[in-house]
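Engineer: Numbering (this note's numbering), first residue to last: -2 to 334.
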Ligand SMILES: Cc1cc2nc3c(=O)[nH]c(=O)nc-3n(C[C@H](O)[C@H](O)[C@H](O)COP(=O)(O)O)c2cc1C
């Protein structure tokens, strides 16, 4: 899969253990979204590091086909963080090794997923409830891999429990190289706005780099998060889905330039590219199903988005996507998003 590189340079660097990133903007792990095609696109558009979807350590240890597929990567997207989840220290250690052998540069431990299917096994955000479990699990992974190791946490399981500053300190004591903090507790889900003061407090608590996460939807919010929290890097999730240009836009602001909105034709070309990269990895039919969901995100920035959504709900292959795009974009001639 060949994707040309038109990344802008950033003068900022983020060091994670022995790895120095050429920038400080990171694409968040997102199940169902940050597959190889999407990662290649955001890398090209300015993300300094991309992250896989969360991968089950138990699945990897059992040789589960889907879990192994999540590890597939491409040199053009590196440096790549592989995010693994699990509750068993021994399985997590093996999974980390497997991810490194598959080409990952960084291992990220998921301690933030609030989905019941994950937490009832003791994994994801459930780990946050017990500092001793965190310590056992992270130490096991740390001892098994000498690559850069990060953890992605939420601000505790519930507000104030356990205190997120303590979680951060335990992680640091176990040898974590950087901490990403999504500034809501697990039980809050997305019900409240992200509380960036949490990021600032974690930054004050530990010496390792802190990556802030939560509610960066506009380029200026990325700069603002760094200013108000002092965080070393920022991780963008939903703000990049449908607007993968957000990384390029934040980089422009960092350089004192006005961020440029992509032209309609550029949006159209990227959507087509996204589809064709997905089709390369999963076939046209599955790519079309996956694209239906993604087009809802892409449509948010487009004029007459309801018309667009109506046209794309039935796409089933490249031909029907191209037809829908032709009809929609020709109806917009002369408009800007
Ligand atoms: C569809 C979706 C899938 C996600 N999958 C993961 C995941 O696999 N691992 C993880 O740590 N977080 C996952 N998250 C959480 C995001 O990485 C991020 O922490 C969260 O969305 C807050 O950041 P944002 O406001 O920039 O989106 C997911 C979020 C969404 C919306």
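Heads up, the beta-carbon is just placed ideally off N, CA and C, and yes, glycines get one too.
Taking 7 Å as the cut-off, is the CB of residue 109 close to at least one heavy atom of ligand 1?
Structural biologist: Answer for residue 109: yes, Cβ within range of ligand 1.
Engineer: Return the residue from the list 93, 180, 59, 215 that minimises the CA-CA distance to residue 207.
Structural biologist: Cα-wise, what sits closest to residue 207 is 180.
Engineer: Could you tell me which of 272, 244, 131, 224 sits nearest to residue 215, measuring between CA atoms?
Structural biologist: Of the listed residues, the one whose Cα sits closest to residue 215 is 244.
Engineer: Tell me the start and end of each unbroken beta strand (DSSP E) in the region 38 to 77 that is at least 3 residues and wholly inside, in chain order.
Structural biologist: Listed in chain order, there is nothing to give.
Engineer: Taking 8 Å as the cut-off, decide whether the C-beta atoms of residue 80 and residue 61 are in contact.
Structural biologist: Cβ atoms of residue 80 and residue 61: not closer than 8 Å.
Engineer: So, helix, strand or coil for residue 16, using DSSP?
Structural biologist: Strand, per DSSP.
Engineer: Residues bridged to residue 89 by DSSP?
Structural biologist: Residue 89 is not bridged to any residue.
Engineer: Which residue's Cα is closest to the Cα of residue 97: 19, 226, 68, 186?
Structural biologist: The option with the nearest alpha carbon to residue 97 is 68.
Engineer: For residue 271, count the other beta carbons within 10 Å of its own beta carbon; 16 or more makes it buried, fewer makes it exposed. Which is it?
Structural biologist: Buried.
Engineer: Buried or exposed, going by whether 16 or more other CB atoms sit within 10 Å of the CB of residue 316?
Structural biologist: Result: exposed.
Engineer: With hydrogens ignored, establish whether the beta-carbon of residue 254 is closer than 7 Å to any heavy atom of ligand 1.
Structural biologist: No, Cβ of residue 254 sits at least 7 Å from all heavy atoms of ligand 1.
Engineer: Residue 152 and residue 178 - do their beta-carbons sit closer together than 8 Å?
Structural biologist: Yes, Cβ-Cβ distance for residue 178 and residue 152 is below 8 Å.
Engineer: Does at least one heavy atom of ligand 1 sit under 7 Å from the Cβ of residue 271?
Structural biologist: False, no ligand heavy atom lies under 7 Å from that Cβ.
Engineer: Using beta-carbon positions only, say whether residue 38 and residue 267 come within less than 8 Å of one another.
Structural biologist: The answer is yes: Cβ separation under 8 Å.
Engineer: Rounded to whole angstroms, what is the Cα-Cα separation between residue 311 and residue 223?
Structural biologist: So the two alpha carbons sit approximately 41 Å from each other.
Engineer: Under 8 Å, Cβ to Cβ, is there at least one residue of chain B near residue 79?
Structural biologist: Looking at the structure shown, chain B is missing, and only one protein chain is on hand.
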